[in-house]
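Inspection log for the structure reproduced underneath, given as structure tokens.
Residue numbers (the working numbering): 402 to 525.
So, in structure tokens, the structure goes:
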């Protein structure tokens, strides 16, 4: 499959990486009673939500892994429509590094070029 995507401005503000994911890993949609909503997202096109999974310790917490894809430093807002009670940044082994300030299902994050962040969300 081939595709062309055009944008104006710097690469870091383009949606090239997200468009590549959309082309190569299409969404799977199932009928249900939840309606339509975005479960996880950011306000920066260069920050990609790569992984969403249950915490390894069986606690029921949700682990979200994100990364900066455009070799730029960026501040962004990560948001979820889930009823999150607390949020923390963890290391790759899901050990808490610092608590994050949560406001209406959103946290502010700062990324260095190509940085990976792991978040742990307690939903209740």
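Virtual Cβ for every residue (Gly too), placed ideally from N, Cα, C.
From a predicted model like this one, the values you see are computed outputs, not experimental measurements.
Taking all protein chains shown into account, residue 510 has 16 or more neighbouring C-beta atoms within 10 Å of its C-beta and is therefore buried.
Bridge partners of residue 509 according to DSSP: 478. Annotation: the continuous alpha helix (DSSP H) that includes residue 420 extends over 417-425. If you draw a 10 Å sphere on the C-beta of residue 469, you find 16 or more other C-beta atoms in it, and that means buried. Just so you know, the alpha carbons of residue 426 and residue 402 end up roughly 12 Å apart.
Residue 501 is bridged by DSSP to 488. By the beta-carbon neighbour count (other beta carbons within 10 angstroms, threshold 16), residue 462 is buried.
Taking a C-beta distance under 8 Å as the contact criterion, residue 520 and residue 465 qualify as a contact pair. When the five nearest sequence neighbours on each side are left out, the beta carbons in the same chain lying within less than 8 Å of the beta carbon of residue 493 are those of 517 and 519, in order along the chain.
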